[in-house]
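J.: For what it's worth, the numbering used here labels the leading residue of the sequence shown as 32, then goes sequentially.
This is the structure I want to talk about, given as structure tokens.
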Amino acid sequence: MASDEEFQKLIKRINELAHKAKNEGLTDLEIIERKDLRQRYLKRFREGFKSQVEMMRVFDKNGKEVTPEKVKKVQRKKGLRDD
């Protein structure tokens, strides 16, 4: 997985290409680059989101844990739970 610095560079380049596309258009190579960058961004986003969901614990208003069993199972498999 890319570091945060690399991720920020990825976002910066995506934004540069978006700006250029809006103002003057992109070359064929830039269109290909934009597609690749977007795919890399989405992959990183999905990995991060999945990790957040896997780490979450849900509690009701009375303080009782109501984390979905599917999430608990993943957490146990990864050694994040000992219940």
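We treat Cβ as the ideally placed atom computed from N, Cα and C, and that holds for glycine.
Alpha carbon to alpha carbon, what distance is there between E100 and K74?
T.: 26 Å
J.: Could you check the C-alpha separation between N93 and K108 for me, to the nearest Å?
T.: 27 Å
J.: Between the beta-carbon of K68 and the beta-carbon of L57, is there less than 8 Å?
T.: It is worth fixing the name first, because residue 68 is Leu in this sequence and not Lys. Contact: no.
J.: I want to check one thing, is the minimum distance from the CB of P99 to the heavy atoms of the ligand FMN below 7 Å?
T.: Questions concerning the ligand FMN fall outside what the structure shown contains, since it holds no ligand whatsoever.
J.: Determine the DSSP secondary structure at E55, reduced to helix, strand or coil.
T.: The three-state reading of DSSP puts E55 in coil, since its state is none of H, G, I, E or B.
J.: In chain order, what residues of the same chain have a beta carbon less than 8 Å from the beta carbon of M86, not counting five sequence neighbours either side?
T.: Q106 and L111
J.: Take K104 as the anchor and find which of K95, V84 and F90 has the nearest alpha-carbon.
T.: Minimum Cα distance to K104 is reached at V84.
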